[in-house]
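Taken in order, these protein sequences are the chains called A and B.
Residue -10 is where the first sequence starts when you use this note's numbering, and the numbers rise one by one after that.
Residue 3 is where the second sequence starts when you use this note's numbering, and the numbers rise one by one after that.
Glycine is no exception: its CB is placed at the ideal position from the N, C-alpha and C atoms.
Nothing here was measured: the structure is a model prediction, and the numbers come from that model.
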Amino acid sequence: QQQVKQSPQSLIVQKGGISIINCAYENTAFDYFPWYQQFPGKGPALLIAIRPDVSEKKEGRFTISFNKSAKQFSLHIMDSQPGDSATYFCAANRGATNKLIFGTGTLLAVQP
Amino acid sequence: EAQVTQNPRYLITVTGKKLTVTCSQNMNHEYMSWYRQDPGLGLRQIYYSMNVEVTDKGDVPEGYKVSRKEKRNFPLILESPSPNQTSLYFCASSFASGIGGNEQFFGPGTRLTVL
Chain A
-10 QQQVKQSPQS
0 LIVQKGGISI
10 INCAYENTAF
20 DYFPWYQQFP
30 GKGPALLIAI
40 RPDVSEKKEG
50 RFTISFNKSA
60 KQFSLHIMDS
70 QPGDSATYFC
80 AANRGATNKL
90 IFGTGTLLAV
100 QP
Chain B
3 EAQVTQNPRY
13 LITVTGKKLT
23 VTCSQNMNHE
33 YMSWYRQDPG
43 LGLRQIYYSM
53 NVEVTDKGDV
63 PEGYKVSRKE
73 KRNFPLILES
83 PSPNQTSLYF
93 CASSFASGIG
103 GNEQFFGPGT
113 RLTVL
C-alpha cells in the first residue's frame, strides 16, 4: 500500500514531441503528488505538484493529470526539448507527514 | 543562497571503517531526511528528523545512524559500512507544517563506494 509504481523505466522522444510518464498508487491516504526532476550529478528538484482535489495542473510545458478514482497520475511534457533530458520521479505524500514515497524513476532522453 | 550541502561528494572506503556524511541546510527547515538512490529502486528513505533531537527510522534504516543536535545539521553515520551500502546518498530538508505537501530541497548527493 506504500508503493508508487512508475512507468516506463526509460523513454526516448524526438524534439518537439510529447513525453508521458505514468504513476499509480494504492494508498488512498496520499494527498500530495509531486514530480521531481534530476539531472546527472545533481539532486532531485521539485518540478510540479498536485493535490487530489484537482484533475489537472499546468505549469508552462509541464502538466500533471490526476485520476483519483483510478489512483493514477501522469506527467506530460509538451514540446519536449533536449534540455528536458533527465530522470523524472513521481512521489506521493500523506498529509501531516513529510514522508515522500518515490517511484522508481524514468530516464527521459529527448533527441534533437 | 538557500541550499542543502553535503560532504564529501565522493567517498571510497573499506568494509568496517566508520564514516560520517555531513548535511547542512541554511533555510531554517525543521524537517530533514536521508535517502539512498539505487538503480531501479528510486529513492528510499533511510532516516528522518522532524526537529532537533527528534529522529525516526525510514524504510531502510539498517546499518545507519543519525543525530540532530542542531537544527541546520543532520549527519549520517555508517559505523561499520558494508558493500551493500554502496549507493548514492541524498540529504533533503523542508518545512514541517504538519499539513504535508511541503517541497523538499535536496543536496547534491554523496556517492559512496564500500570495498
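| Query | Result |
| --- | --- |
| What is the rounded straight-line gap between the Cα of Gln27/B and the Cα of Pro101/A? | 37 angstroms |
| Nearest CA to the CA of Lys88/A: which residue from Leu13/B, Val16/B, Leu45/B and Glu3/B? | Leu45/B |
| So what's Pro85/B in DSSP terms, helix, strand or just coil? | helix |
| CA-CA distance, Thr93/A and Ile37/A? | 17 angstroms |
| Going by C-alpha distance, which of Ser69/B, Val62/B and Ala94/B is nearest Thr22/B? | Ser69/B |
| In angstroms, rounded to a whole number, what distance separates the CA positions of Lys60/A and Val43/A? | 13 angstroms |
| Got a sec: is the Cβ-Cβ distance from Pro10/B to anything in chain A below 8 angstroms? | no |
| Whole angstroms is fine: what's the gap from Tyr49/B's alpha carbon to Leu43/B's? | 17 angstroms |
| Note the first and the last residue of the continuous beta strand (DSSP E) segment covering Ile48/B. | Gly44 to Asn53 |
| To the nearest angstrom, how far is it from the Cα of Ala75/A to the Cα of Arg50/A? | 15 angstroms |
| Quick check on this structure: which residue in Ala94/B, Gln87/B, Gly109/B and Phe108/B has the alpha carbon closest to the alpha carbon of Asp40/B? | Gln87/B |
| Counting Cβ pairs, one atom from each stretch, are 3 or more of them under 8 angstroms apart for the segment 107 to 115 of chain B and the segment 10 to 21 of chain B? | yes |
| Mind listing which residues of the segment 58 to 74 of chain A have their C-beta closer than 8 angstroms to chain B's C-betas, in chain order? | none |
| Residues in its own chain within less than 7 angstroms of Glu48/A by CB, not counting five upstream and five downstream? | Ile37 |
| Considering only residues of the same chain and omitting the five flanking positions on each side of Ala80/A, which have a CB-CB separation below 8 angstroms? | Val(-7), Phe22, Pro23, Trp24, Tyr25, Leu89, Ile90, Phe91 and Gly92 |
| What do you get for Phe28/A, buried or exposed, if any count of 16 or more other CB atoms within 10 angstroms of its CB means buried? | exposed |
| Taking Ser84/B as the query, report the chain A residues whose CB atoms sit under 9 angstroms from its CB, ordered along the chain. | Residues of chain A passing the Cβ test: none, with the nearest at roughly 23 angstroms. |
| Can you give me the C-alpha to C-alpha distance between Arg40/A and Thr15/B, rounded to a whole angstrom? | 43 angstroms |
| Could you pull the DSSP bridge partners for Phe55/A from this structure? | Phe62/A |
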